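Student:
Numbering (the numbering used here), first residue to last: 17 to 196.
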């Protein structure tokens with residue numbers, strides 16, 4: 017009887033000790049920004065649609081029109097702007113990615129005409145493509161398009177490494193601005 021009582025205490029204690037001592041379990045959170053390379057290009061809008069202020073790459077809302085194969089991100093200066101921006105996503109997508117900023121006229125998406133899949137490096141399939149932020153991107157299969165949408169910026173930087181129109185200088189003040 018006494019052995020059972022000791023086991024009832026010892027087993028949970030050992031279990032907890034094991035969890036706490038497991039490598040990585042109790043590690044401190046590392047600063048993610050210290051590990052990320054500096055952003056030199058942002059393949060989307062550079063001004064917040066709500067405030068007009070410079071955007072922060074980590075603040076965005078997703079645009080999806082799956083029926084037409086159109087996807088994108090609307091970048092914001094801060095996440096509190098998301099609520100207002102979500103009210104007119106179609107309009108914002110068209111403003112930033114389907115309208116010529118100089119003339120105000122509608123434009124067709126820019127076909128990147130990539131012959132290799134940005135995910136696999138394999139030759140592209142003519143039927144496997146999406147529009148992302150006003151650009152047509154080709155893939156070897158629909159699965160790669162889905163994978164691309166999880167984190168498109170690194171793949172776009174490989175497709176358009178020197179695109180002057182997407183050069184981005186982060187705001188030195190970050191997203192510290194007046195709340196609105």
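Just so you know, even glycine gets a beta-carbon here, dropped at the ideal spot from N, CA and C.
Keep in mind it's a predicted model, so treat the numbers as computed, not measured.
What three-state label does DSSP hand residue 81 in the structure shown?
Tutor: Indexing the chain shown from 1 puts residue 81 at position 65. It is a strand residue.
Student: When burial is assigned at 16 or more other CB atoms within 10 Å of the CB, is residue 55 buried or exposed?
Tutor: By 1-based counting over the chain shown, the position of residue 55 is 39. Classification for residue 55: exposed.
Student: Go ahead and pull the three-state DSSP assignment for residue 139.
Tutor: Translated into positions along the chain shown, residue 139 becomes position 123. Correct three-state label for residue 139: strand.
Student: By alpha-carbon positions, which one of 186, 167, 112 ends up nearest to residue 120?
Tutor: For the purposes of this step, residue 120 is identified with residue 104 of the chain shown, where counting begins at 1. Minimum Cα distance to residue 120 is reached at 112.
Student: In this structure, how does DSSP classify residue 87 when only helix, strand and coil are distinguished?
Tutor: By one-based count along the chain shown, residue 87 stands at place 71. In the structure shown, residue 87 sits in a strand (DSSP, three-state: E or B).
Student: Per the DSSP calculation, residue 92 is bridged to which residue(s)?
Tutor: Along the chain shown, read from residue 1 onward, the residue named residue 92 stands at position 76. Partner(s): 72.
Student: Where does residue 127 sit, in a helix, a strand or coil, going by DSSP?
Tutor: Numbered from 1 along the chain shown, position 111 holds the residue referred to as residue 127. Note: residue 127 maps to strand in three-state DSSP.
Student: Over what stretch of residues does the alpha helix (DSSP H) that includes residue 169 continue unbroken?
Tutor: Counting from 1 along the chain shown, the entry for residue 169 is found at position 153. Unbroken alpha helix (DSSP H) run through residue 169: 168-175.
Student: Where does residue 43 fall in DSSP's three states?
Tutor: Against the chain shown, residue 43 aligns to sequence position 27. Caution applies to residue 43, whose pLDDT of 36 falls short of 50 and renders its modelled position unreliable; the model cannot decide the point.
Student: Would you call residue 177 buried or exposed, if buried means 16 or more other Cβ atoms sit within 10 Å of its Cβ?
Tutor: Residue numbering aside, residue 177 sits at position 161 when the chain shown is read from its first letter. The residue is exposed, with fewer than 16 neighbouring Cβ atoms inside 10 Å.
Student: Let me check understanding here. Comparing Cα to Cα, which of 137, 103, 150 lies closest to residue 123?
Tutor: Residue numbering aside, residue 123 sits at position 107 when the chain shown is read from its first letter. With distances taken between CA atoms, residue 123 lies nearest to 150 out of 137, 103, 150.
Student: Specify, as a first and last residue, the run of the alpha helix (DSSP H) that residue 109 falls within.
Tutor: Counting from 1 along the chain shown, the entry for residue 109 is found at position 93. Per DSSP, residue 109 belongs to the alpha helix (DSSP H) from 105-113.
Student: Indicate the three-state DSSP secondary structure (helix, strand or coil) for residue 100 in the structure shown.
Tutor: Working through the chain shown from its first residue, we reach residue 100 at position 84. Looking at residue 100 - three-state DSSP - the assignment turns out to be helix.
Student: Taking only three categories from DSSP, how would you classify residue 118?
Tutor: Numbered from 1 along the chain shown, position 102 holds the residue referred to as residue 118. Coil, per DSSP.
Student: Measuring straight from C-alpha to C-alpha, what distance separates residue 77 and residue 186?
Tutor: As a position in the chain shown, residue 77 is number 61, starting the count at 1. As a position in the chain shown, residue 186 is number 170, starting the count at 1. Cα-Cα distance, rounded: 18 Å.
Student: Considering only their Cβ atoms, is the gap separating residue 141 from residue 11 smaller than 7 Å?
Tutor: With the chain covering only 17 through 196, there is no way to say anything about residue 11.
Student: Compute the Euclidean distance between the alpha carbons of residue 82 and residue 143, then round it to the nearest angstrom.
Tutor: Indexing the chain shown from 1 puts residue 82 at position 66. Indexing the chain shown from 1 puts residue 143 at position 127. The straight-line gap from Cα to Cα measures roughly 15 Å.
Student: From residue 183 to residue 173, what distance separates their C-alpha atoms?
Tutor: Sequence index remark: in the chain shown, residue 183 carries index 167 (1-based). Sequence index remark: in the chain shown, residue 173 carries index 157 (1-based). Between residue 183 and residue 173, the C-alpha separation is close to 11 Å.
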